[in-house]
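The opening position of the sequence shown corresponds to residue 429 in my numbering, with each subsequent residue numbered one higher.
In this text, a Cβ means the ideal position worked out from N, Cα and C, and glycines have one as well.
On a predicted model such as this, the values are computed, not experimentally measured, just so you know.
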Amino acid sequence: MGQKKLKIYISGKIAHMDLDERRRRFKMAADYWQLKGYDVFNPFENGLSQEADWHEHMRVDIRALVDCDIIYMLSGWEHSKGAKLELDVASSCGIPVWFETNNRES
């Protein structure tokens, strides 16, 4: 049997910005990590409508996060209430945290 792929959770600022630009950045990061051999959870593809309440999104996303092996923080995450919460949950659960660097845009 083959080795289980590690699952990476993409986190970053979503609200209060150009939604198309945010969606593009999350997709680029997801595509990058998939090419590197990871399973990826992209919060834009969590099964909920974008019009769903923020709290609903966080419930679904946090459930997914705790099943991931790594969280990847897109630049600008520190300006997001949800991303800060996701980082805290990941750190509290012992999930390794990787940060996007300024050397490579996702």
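Of the residues the options, the one placed nearest residue i, counting alpha carbons only
{"i": "V517", "options": "Q462, E484, S439, G504", "result": "S439"}
{"i": "I490", "options": "D481, S503, A511", "result": "A511"}
{"i": "C521", "options": "A458, V494, V468, D467", "result": "V494"}
Cα-Cα separation, residue i to residue j
{"i": "R487", "j": "P471", "result": "11 Å"}
{"i": "R450", "j": "M456", "result": "10 Å"}
{"i": "W436", "j": "E506", "result": "Here the sequence assigns Ile to residue 436, which means Trp is not the residue at that position. Roughly 19 Å separates the two Cα atoms."}
{"i": "T529", "j": "M501", "result": "9 Å"}
{"i": "W482", "j": "A443", "result": "9 Å"}
{"i": "S477", "j": "G504", "result": "23 Å"}
{"i": "L447", "j": "Q431", "result": "36 Å"}
In DSSP terms, what residue i is bridged to
{"i": "V525", "result": "I499"}
{"i": "Y437", "result": "F469, I499"}
Beta-carbon gap between residue i and residue j smaller than 8 Å
{"i": "E484", "j": "I499", "result": "no"}
{"i": "K441", "j": "G465", "result": "no"}
{"i": "F469", "j": "C496", "result": "yes"}
Nearest-angstrom beta carbon gap, residue j and residue i [assumed within contact, 8 Å]
{"i": "N474", "j": "A492", "result": "7 Å"}
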